[in-house]
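Working notes, structure below.
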Amino acid sequence: MRDILKQVFGFNDFRPHQEAIITNLLAGRDVVAVMPTGGGKSLCYQLPACLMPGTVVVVSPLISLMKDQVDAAREIDLDAACLNSSLSPEAMADVYERLRSGRLSLLYIAPERLASAAFIEILRNVAVSLFAVDEAHCISEWGPDFRPEYLGLGLLRSLFPNVPMAAFTATATVRVQEDIIRKTGLRYPFILRASFDRPNLYYRVREKSDANLMVLDYVRKHPDRPGIVYRTTRKSVEELAAFLAHNGVSALPYHAGMESADRARNQEAFNRDEATVIVATIAFGMGIDKSNVRFVIHADLPKNIESYYQETGRAGRDGEPADCLLLWGRSDIPRLKYFINQIEDEDERRIASAKLEAMVRYASGSACRRRTLLAYFGEDYPEAACGHCDSCVKRRIEQSLGSEARLLLSAVMRLEERYGASHIVDFVTGKRSDRIRERDHDCLTGFGAGRDEPAGRWRALIDDLIGREILVRRGDPYPILKLTKRAFEVLSGVESDGRPSLVHSEADPAAAITQSESNATEILFERLRVLRSEIAAEYHVPPYVVFSDKTLKEMTVRLPTDETGLKEVTGVGDIKLEKYGRIFINEIKGFLSEKSLSTNEGFRPRSELVKKTNNA
Ligand code: ADP
Ligand code: ZN
355 MRDILKQVFG FNDFRPHQEA IITNLLAGRD VVAVMPTGGG KSLCYQLPAC LMPGTVVVVS
415 PLISLMKDQV DAAREIDLDA ACLNSSLSPE AMADVYERLR SGRLSLLYIA PERLASAAFI
475 EILRNVAVSL FAVDEAHCIS EWGPDFRPEY LGLGLLRSLF PNVPMAAFTA TATVRVQEDI
535 IRKTGLRYPF ILRASFDRPN LYYRVREKSD ANLMVLDYVR KHPDRPGIVY RTTRKSVEEL
595 AAFLAHNGVS ALPYHAGMES ADRARNQEAF NRDEATVIVA TIAFGMGIDK SNVRFVIHAD
655 LPKNIESYYQ ETGRAGRDGE PADCLLLWGR SDIPRLKYFI NQIEDEDERR IASAKLEAMV
715 RYASGSACRR RTLLAYFGED YPEAACGHCD SCVKRRIEQS LGSEARLLLS AVMRLEERYG
775 ASHIVDFVTG KRSDRIRERD HDCLTGFGAG RDEPAGRWRA LIDDLIGREI LVRRGDPYPI
835 LKLTKRAFEV LSGVESDGRP SLVHSEADPA AAITQSESNA TEILFERLRV LRSEIAAEYH
895 VPPYVVFSDK TLKEMTVRLP TDETGLKEVT GVGDIKLEKY GRIFINEIKG FLSEKSLSTN
955 EGFRPRSELV KKTNNA
C-alpha cells in the first residue's frame, strides 16, 4: 500500500484514517467513513483501484465532478471512465467495451444508472471489486441534499453479496450516518468518524460595514489567490461580481438564476484558474472539487453553522493554509428571520430559529472559533484554544500588548511624567540622544527595555493609549505625557487582558505571512503556476490536477534540480515525474541560474521564514 501511495500518488504518508479504511476494504469489509471535506476520501477507493484486480465502481452525484475525477485518475495512469447522460453513444460503447474486457480500474456512475436492469446485468458479468458511494448522505432524508435516486443503492448489497461497499460523506450528524447504514444495507461496517477539525483553515469574523468594499480590500491584499465569496441574493452576487470586475479583479458570478450554460462556464473558468474569484449564492459548491481554494468569504450571515462549516470547508482542501472570513452585521438577521417565519411546520421553524441563534452567537462571540464550531458538531477540541483563529490571535496580541503598555507606562512614570512622546520613545528604544545623555537617563533602569520593537510601534502605542485615556498630553507647544488614573490600573495589571481597543485593527496574521514571504519564492511560485496552467490547458485538465498548490509550494522550498530531488516532493509520483518532471526541473533550474542563486547559498528556503513568522 505504501509503495503505491508513493509511486502512483506521490504521497509520503497517509492522511489520518486512510490506511485503516483501505485495509478494511481490501479485507472485504464494508466501510462507512464520515470525514471532513479535504480529508482525502477519494484516495480510499482510488488506491484499492490500483491494487484490486477488477473494477472499482464509484457512485457520484455530479457529472462535473466525475469528469475532473476521471481526469485526475488518468493523470496517474489509472484506466478510469465515467458513464453519464453527457456521453455520446460511441463514447458509451467504448466504456462498456473496456468494462467488459476487465481493463477498467475505476468507473464513475450517476446513481440513476443503478435503476437500469440492463446496466445491473452488465455489472453482474464483470469483476466488480468494490462499490464506493460518494456523498453518501444523499441517501438520507435527514441530510442536507436528499436525492431519491440514491435509494436505488439499497439493492447493491443483496445483488452483489461478495463485493465490499464503502459509503463516504462529509456530513457530520450521527443520525445521517445511521440512516446511511440502514438504507444501503451495509453489513457490520467498519465505521469511521474522523475529527472535523481543519487545522489549515484560519477562521475570522469581522464587523461588516460596506461588504463590497471589504471584499475588494481583502482580494487586493491577497492578489491572485483563488477564492469563493458567498452572498445570499442573486442581486448582491451580480453587484459584487461586477464591482470586483470593475476594479480589475478577475471575478465571475454564479447563481441559480443564471442560464445553466453560463453557470457551467463560470464554474469551469474558476476551476481552471482562469477566473480568480467566484461570487456565488449557496447554489455553488457541491460540484466543486478544486483543491487550491485559498479563501472563502461569507459576505452575509449564513442561516446556520452547518451551512457555514460546509461552505468554509471548500477552502484549502490541499491542506495548505486558507482563510475563512465571515463579515457579520446584525442587519442580516431580519432577512433570515423572515424566511424562518415562512416555514409552516412548527417544529422545523423552531429548529431553524435555534440554529440561527447559534450562528449569531458564533459570529458575535469572542471564544475560540474552532472550539465553538467543533463543539457545535459534538466534538470536543482537545486544547482550550486553537491559536489559529482571530479570537485566539487577538487574545495573544492583547496579552503581549498588555505587557508592552506596562513597559511604556513605567517609562513615563520613571521619567516623572515630565517628557514628551519622542523622548519617551528614545528612552524605551535605548537611543542615546543628546537629551538622554545630558540627563543621564541612559543610566536609569528601563532604558532600552523595548529595543526589540521599532520606534514607530511605540509611537503608535502611545497614540492608542492616549485614545483610551490612559495617557494624556499636556502643555503647549511642547506637550508632555501624563498618566491618568486608568494608567495605574494597567500598571497594576487590572486591565491587562480582554481590551480589544488596545489591538491594532490591522492585526492580520494571514496578511503578515503573505507579506513576509520571500519575494524570490513568490516569484518562483508564480512561474510554476503559469507553467502548470500551460500544461493543464494543453492536456485539457484543471491545473490542480497536474500538481496541487501544496506540491508547487514545496518545490519552491526544496528547489529540486534533478529527478531524485523532485521525487521527494509531496504529490510527485512516478507517472507525473515522468510526464512533467523535466519541464518543472528546467523551470526551477532556469530560475536559479537567472537569480544566480543556488540551493546552498544566498537563497533562503521559505520554511525558515514561515517558522519565524509563526514564532513572532
Ligand atoms: P475529499 O474528497 O475528502 O474532500 P479529496 O479526496 O478531494 O478530499 O482530497 C483532498 C486533497 O488531498 C486532494 O488534493 C488530494 O490529492 C490530497 N490528498 C489525499 N490524500 C493525501 C495524502 N495521503 N497525502 C497528501 N495529500 C493527500
Ligand atoms: Zn482559536
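Just add 354 to wherever you are in the sequence shown, counting from 1, and you've got the numbering used here.
Ideal Cβ positions, reconstructed from N, Cα and C, are used throughout, including at glycine.
Cα separation between residue i and residue j?
i	j	result
I867	G719	Any reading at I867 needs caution, since the residue's pLDDT is 36, under 50, leaving its predicted position unreliable; the model's value is listed next. So the alpha carbons of these two residues sit roughly 26 Å apart.
I358	A637	37 Å
L437	S661	30 Å
K836	R828	7 Å
R552	S776	46 Å
P370	Y399	15 Å
R560	L679	7 Å
S439	V631	30 Å
P831	R811	24 Å
D643	A712	29 Å
C797	I790	9 Å
L570	T918	43 Å
G408	V480	8 Å
G1020	P675	There is simply no residue 1020 to check, as the chain begins at 355 and stops at 970 in what is shown.
D851	M767	Any reading at D851 must be qualified, since the residue scores a pLDDT of 36, below 50, and its modelled position is unreliable; the value itself is stated next. One C-alpha to the other measures close to 21 Å.
E860	R574	Since pLDDT at E860 reaches only 35, below the 50 mark, its modelled position is unreliable, and the value read off the structure follows with that caveat. Going from the Cα of E860 to the Cα of R574 covers about 14 Å.
V591	F597	10 Å
Q753	F649	28 Å
Taking the alpha-carbon of residue i as reference, which of the options has the nearest alpha-carbon?
i	options	result
Q372	K395, Q361, D384 and T391	K395
V388	F731, P465, A623 and R793	F731
E880	R828, R750, R579 and E917	R579
L819	K933, S757, A481 and L468	S757
E733	D794, I697, S549 and I582	S549
L484	A464, E948 and V517	V517
L681	K691, S787 and N566	N566
M446	R428, A469, D431 and F473	F473
D499	A524, R912 and V911	A524
H795	A814, N695 and E770	E770
I834	P390, A403, I778 and R457	I778
S354	P465, E444, V482 and S442	Nothing can be reported for residue 354: it is not among the residues displayed for the chain, which extend from 355 to 970.
V747	R723, L761 and A717	R723
G683	V900, R715 and R703	R715
Does at least one heavy atom of the ligand ZN sit under 8 Å from the Cβ of residue i?
i	result
S549	no
C722	yes
Y716	no
C746	yes
Y557	yes
R789	no
Can you pull the DSSP bridge partners for residue i?
i	result
Y584	A634 and H652
M713	DSSP, once it has assigned bridges, lists no residue as partnering M713.
E561	W682
I659	Paired residue(s): none; I659 is not in a bridge.
I834	R828
V482	T409
C743	Y557
I545	V386
Is residue i near the ligand SAH - that is, is its Cβ less than 8 Å away from at least one heavy atom of it?
i	result
Q361	Ligands present in the displayed structure are limited to the ligand ADP and the ligand ZN, and the ligand SAH is not among them.
Report yes if the C-beta distance between residue i and residue j is below 9 Å; otherwise report no.
i	j	result
R840	I816	no
P415	E495	no
L606	A618	no
V895	A426	yes
D677	I651	yes
N646	D422	no
T586	D686	yes
R558	D744	yes
S459	V385	no
R805	G784	yes
A469	G508	no
L432	V528	no
Is residue i close to the ligand ADP? I mean its beta-carbon at under 8 Å from any heavy atom of the ligand.
i	result
R369	yes
P390	yes
T525	no
R671	yes
L460	no
N554	no
S418	no
G927	no
F365	yes
Y898	yes
L645	The sequence given here places Ser at residue 645; Leu does not occur at that position. Because some heavy atom of the ligand ADP lies under 8 Å away, the Cβ of S645 counts as near it: yes.
S470	no
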